[in-house]
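Asker: Counting in UniProt numbering, the sequence shown runs from 1 upward without gaps. First the structure, which I've put down as structure tokens, then a few questions once you've had a look.
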Amino acid sequence: MSLLISVQDEALSPASPSSPQGGDTPAAPQRRRSAVRNRWEALRKRVGDLAIQLVNDPDVETASWRLPADAASAGLARRLVHERLGSWGMENLSDVTQLLVSELVTNVLCHTCCGDLVVRLSAVEGLLRCEVEDCDDAMPEMARPSEGEEHGRGLRLMDSLACCWGAEPTRQGKIMWFELPVYALR
Numbered sequence: 001m002s003l004l005i006s007v008q009d010e011a012l013s014p015a016s017p018s019s020p021q022g023g024d025t026p027a028a029p030q031r032r033r034s035a036v037r038n039r040w041e042a043l044r045k046r047v048g049d050l051a052i053q054l055v056n057d058p059d060v061e062t063a064s065w066r067l068p069a070d071a072a073s074a075g076l077a078r079r080l081v082h083e084r085l086g087s088w089g090m091e092n093l094s095d096v097t098q099l100l101v102s103e104l105v106t107n108v109l110c111h112t113c114c115g116d117l118v119v120r121l122s123a124v125e126g127l128l129r130c131e132v133e134d135c136d137d138a139m140p141e142m143a144r145p146s147e148g149e150e151h152g153r154g155l156r157l158m159d160s161l162a163c164c165w166g167a168e169p170t171r172q173g174k175i176m177w178f179e180l181p182v183y184a185l186r
């Protein structure tokens, strides 16, 4: 298990201060390692050992884009995600990932006053993770919309399509994330 955690730590370690994720407190790397371990254990319980097959040299893929917080960014995020998943050979995840990343970007546009946002993708040994970071520290709450309401279903959609999802506070705001097992949608 230590090999898996060290690979995840590398993929999710805090970036340099000049990067979009920089500025985390010194305790943040330890919290992230613990969160990564908990997510992998939850995934293993939820979808079984087929989701995680350890090898000596796992492939790690990452991508990140800073986008303006305007109406065109949801479509741009979908397009960037689609292209990147295609280049990684993960076309089978493209539709679900585009839908969920669009939900997260739209939430930033509707519920924050941020000037920009960051979309990140990472894939490590059969697990795709998508993050959307914004400058608002308000944590999301799952709504209970009535039948006629047009809004409030995004987190329920996330809950039904992603193997796991959540929100993490950062020094500048928060990161909303979701994960999908690569093999599940083949």
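Beta carbons are placed, not taken as given, at the ideal position from N, Cα and C, and that holds for glycine. Since we're looking at a predicted model, the values are computed, not measured.
Measure the CB-CB distance between Leu-85 and Val-119 and report whether it falls below 8 Å.
Answerer: no
Asker: Hey, Glu-179 and Leu-127 are a contact pair by Cβ (cut 8 Å); roughly how many whole angstroms apart?
Answerer: 6 Å
Asker: Report back the beta-carbon spacing between Asp-134 and Gly-166 to the nearest angstrom; my notes put them in contact at under 8 Å.
Answerer: So it is not a contact: roughly 15 Å between Cβ atoms.
Asker: Just curious, the beta strand (DSSP E) that Gly-166 is in, first and last residue?
Answerer: 164-169
Asker: Of the residues Met-176, Glu-83 and Ser-87, which one's Cα is nearest the Cα of Val-105?
Answerer: Met-176
Asker: With a cut-off of 8 Å, does the C-beta of Trp-165 fall near any C-beta of chain D?
Answerer: This model lacks chain D altogether, as it is built from one protein chain only.
Asker: Going straight from the alpha carbon of Val-108 to that of Leu-117, what length do you get?
Answerer: So the alpha carbons of these two residues sit roughly 8 Å apart.
Asker: Would you grab the beta carbon distance between Pro-181 and Cys-163 for me? Rounded to a whole angstrom, and I think it's under 8 Å.
Answerer: Correct: roughly 6 Å between the Cβ atoms.
Asker: Does the distance from the C-beta atom of Ala-77 to that of Leu-93 stay below 8 Å?
Answerer: no
Asker: So is residue 196 buried or exposed if we call it buried at 16+ other beta carbons inside 10 Å?
Answerer: Here the chain has residues from 1 to 186 only, and residue 196 is not among them.
Asker: For the putative contact between Ser-122 and Glu-61, defined by C-beta atoms under 8 Å, what is the C-beta separation to the nearest angstrom?
Answerer: Under the criterion of beta carbons closer than 8 Å, Ser-122 and Glu-61 qualify as touching, at roughly 7 Å.
Asker: Please report how far the alpha carbon of Val-132 lies from the alpha carbon of Ala-138, in whole angstroms.
Answerer: 14 Å
Asker: Put Thr-97 into one of helix, strand or coil per three-state DSSP.
Answerer: helix
Asker: Assuming the contact rule is C-beta atoms closer than 8 Å, Ala-74 and Cys-114 should be a hit. Round their C-beta distance to whole Å, please.
Answerer: Actually they are not in contact, since the Cβ atoms of Ala-74 and Cys-114 sit about 14 Å apart, beyond 8 Å.
Asker: How many angstroms separate the CA atom of Gly-154 from the CA atom of Arg-39?
Answerer: 21 Å
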